[in-house]
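Asker:
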Amino acid sequence: MKVTLKILTAMQTIFLLPCKTGGFLLCLFSSFFFSSEGPQFGIRGSAKAKAIQFYRSCMDTQRIESQGTQPLKDLLNQVNVVGWNVTGVGKAKDFNETLQTLMGRYSTFPFFRVHVGPSPFDLKTNIIQIDHPEFEMPSESKFKEKNYPEVLRVYLSYLKKLGSLLGEPQDGPPDSFSRTLSFISNLQRVVTPLQERQQKGMLFFRTTIRELQEKAPAIDWLSCLQAVFHPMTVNLSQPIAVHDMDYLKGMSQLIEQCIYVTACTFTYLFTVFLSLSPHSHVFLFLFLFLQIPAERWRKCLTDTSSFFEPVLGQMIVQEIFPQQTKKLVGIYPLNPQADWHVSPWTVHSYYSIGHHMVVFPAGMFRSPFFHMEFPSAVNFGAMGVFMAHELLHAFYGYVLPEGCPTCNRSALQKSIDCLVEQYESYGFKVNGTFTLLENTADTGGLAIAYQSNVQSPLPLRVCGPVSNSKDFAKHFHCSSGSPMNPDSKCHIW
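So the mapping is simple: my numbering equals the position in the sequence shown, first residue as 1, plus 103.
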């Protein structure tokens, strides 16, 4: 099986490590962003100076707190979601018009995701691709059945308090959030699991905007896509790749069947979540119901990285990687059609199903994952495990039902059941079936990396062969029985 290994010639963020143990991105950003001397890179107004100013603005919590919820309310007034005008200002828009505004002006996709990428049908061309969204609400499949109701209760409490902070009318529908929660849950249920889509060959469904409009009519697809790709024109005959057609059909039916205000309230809530990303301490307190908040500097670095990726990537590569490394990378020309799917500093190697390609960012080839001076066992135990893990993703089909006709299905199923039960027994409320493929790659990756390190420690690779050499002992006058001239010598060739 041919798998392209693609080395990302840029940086990864290792936020959790102090400077002395390899947290080079944090150290680098600290010198850039915490300096009181102002912009240090080029003229004022340059992209680098704007990145620094963005970070400093994010860190200015005093000003953020003084403005309270007003900036978020102003944003909601601009979007003006129909069905629940929580700010009490403006006239409600048509549902699809609101959706177009969110997608085109704010790059927000409540019901589905849209992006352009290499076509799975012809890697030399790009194509519009549509998939289900990343839901803010925790999915039921990630929890055991008995634990999920408690998760929903906490989430609902958070939504109600969030709405109160934003000025939800006291005489508004008392069950609006409950119905919205039910609507989101129903959307999640129509998502086709990745394993099932892989097994049935449903990962990439080639169609056109016209055909999609017929299958999922609740969305004005042409207008929404035109809003996203303006000023580029799209038409009904435009070819597109759909990753989960069953989800889009189900989503359309839910929007048409549910009470109209519910879907629109969901749109509003999604806007709130993407805009909120807790800034003020009041919202941060509520967010504690769901997760432990990141330190402020960590959040601001993440936001700055998202908006100024090309600029920061250049700064980091220039600062971190020696010129010799760049020359070595240039020896191996990359496929001109290839493109990076993650930010340069993302701590995330991955296997791309569509491109049959494994990506290992260059930032992983640094301490603590890899270093030229580390013992080989350490490099195999860290970077080697990551590599084997990602490579095993290419063999997912072999652990799916009927994915390996020549395998002993009984023995394989026994191993799968064992792994599921093992991960559910640790007390972390994990759904072992949901995490099976990752757990399989983790377990197999470690085993493969261990088996791959077949070399002896470096000192023995010298001492072993030399001590077996009679000529060495003779010419260097090694006394008989000494470590370099043992009485018993081993030879095969």
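The C-beta atom is built at its ideal place from N, Cα and C for all residues, glycine as well.
Would you call the CB atoms of D545 and H492 closer than 8 Å?
Answerer: yes
Asker: Any contact of the segment 253 to 265 with the segment 209 to 220, i.e. 3+ C-beta pairs under 8 Å?
Answerer: no
Asker: Please determine if the segment 505 to 524 and the segment 566 to 573 are in contact, where contact requires at least 3 C-beta pairs separated by less than 8 Å.
Answerer: no
Asker: Bridge partners of P221, per DSSP?
Answerer: N229
Asker: Please say whether P221 and H594 have beta carbons closer to each other than 8 Å?
Answerer: no
Asker: Tell me whether the beta-carbon of I343 lies closer than 8 Å to the beta-carbon of I312.
Answerer: yes
Asker: Who does A344 pair with in a DSSP beta bridge?
Answerer: According to DSSP, which records beta bridges pairwise, A344 is partnered with Q232, R309.
Asker: Whole angstroms is fine: what's the gap from D163's alpha carbon to F157's?
Answerer: 10 Å
Asker: From which residue to which residue does the beta strand (DSSP E) around F463 run?
Answerer: 460 to 464
Asker: Kindly identify the DSSP beta-bridge partner or partners of Y453.
Answerer: V462
Asker: Note down, in chain order, each residue of its chain lying with its Cβ closer than 8 Å to the Cβ of Q165, except the 5 sequence neighbours on either side.
Answerer: If you ignore the 5 residues before and after Q165, its C-beta comes within less than 8 Å of no other C-beta in its own chain.
Asker: How long is the line joining the alpha carbons of N289 and I358, rounded to whole angstroms?
Answerer: 10 Å
Asker: Does G304 pass the burial test, meaning 16 or more other C-beta atoms within 10 Å, or should it be called exposed?
Answerer: With fewer than 16 other Cβ atoms within 10 Å, it is exposed.
Asker: Would you list the residues sitting across from S585 in a DSSP beta bridge?
Answerer: Residue pairing by DSSP places S585 opposite N588 in a beta bridge.
Asker: Taking the alpha-carbon of D406 as reference, which of I456, A150, S260, C161 has the nearest alpha-carbon?
Answerer: It is C161 whose Cα lies nearest to the Cα of D406.
Asker: To the nearest angstrom, report how far apart L503 and P413 are at their CA atoms.
Answerer: Those two C-alpha atoms are separated by around 39 Å.
Asker: Is Q203 buried or exposed, if buried means 16 or more other CB atoms sit within 10 Å of its CB?
Answerer: buried
Asker: Put R564 into one of helix, strand or coil per three-state DSSP.
Answerer: helix
Asker: On the premise that D234 lies in contact with D347, defined as a C-beta separation below 8 Å, what is that separation, rounded to the nearest angstrom?
Answerer: Beta-carbon to beta-carbon, D347 and D234 are separated by about 6 Å, close enough to satisfy the 8 Å threshold.
Asker: So is R292 buried or exposed if we call it buried at 16+ other beta carbons inside 10 Å?
Answerer: exposed
Asker: Helix, strand or coil: which one does DSSP assign to R216?
Answerer: strand
Asker: Please classify P586 as buried or exposed, where buried requires at least 16 neighbouring CB atoms within 10 angstroms.
Answerer: Taking a 10 Å sphere around the C-beta of P586, we find fewer than 16 other C-beta atoms and assign the residue as exposed.
Asker: Cα separation between L325 and Q316?
Answerer: 8 Å
Asker: May I ask you to verify whether the segment 464 to 482 touches the segment 532 to 539, counting CB pairs closer than 8 Å and requiring at least 3?
Answerer: no
Asker: Hey, could you find the ends of the alpha helix (DSSP H) I322 is sitting in?
Answerer: No alpha helix (DSSP H) holds I322; DSSP gives it neither H nor E.
Asker: Quick one: Cα of P562 to Cα of A552, how far?
Answerer: 21 Å
Asker: What's the gap between the Cα of Y526 and the Cα of M240?
Answerer: As the crow flies, the alpha-carbon of Y526 is around 23 Å from that of M240.
Asker: With distances taken from CA atoms, which of S210, I419, V488 is nearest A465?
Answerer: I419
Asker: Kindly indicate which three-state DSSP category C403 falls into: helix, strand or coil?
Answerer: DSSP, reduced to helix, strand and coil, places C403 within a helical segment of the structure shown.
Asker: Inspect the beta-carbon positions of C510 and Y501 and report whether they are closer than 8 Å.
Answerer: yes
Asker: Is DSSP giving C521 helix, strand or coil here?
Answerer: helix
Asker: Keeping to the same chain, check which residues put their C-beta closer than 7 Å to that of V182; ignore five residues upstream and five downstream.
Answerer: T201, T204, L205, T374
Asker: Is the beta carbon of L226 less than 8 Å from the beta carbon of L259?
Answerer: no
Asker: Mark T228 as exposed unless 16 or more other C-beta atoms lie within 10 angstroms of its C-beta, in which case mark it buried.
Answerer: exposed
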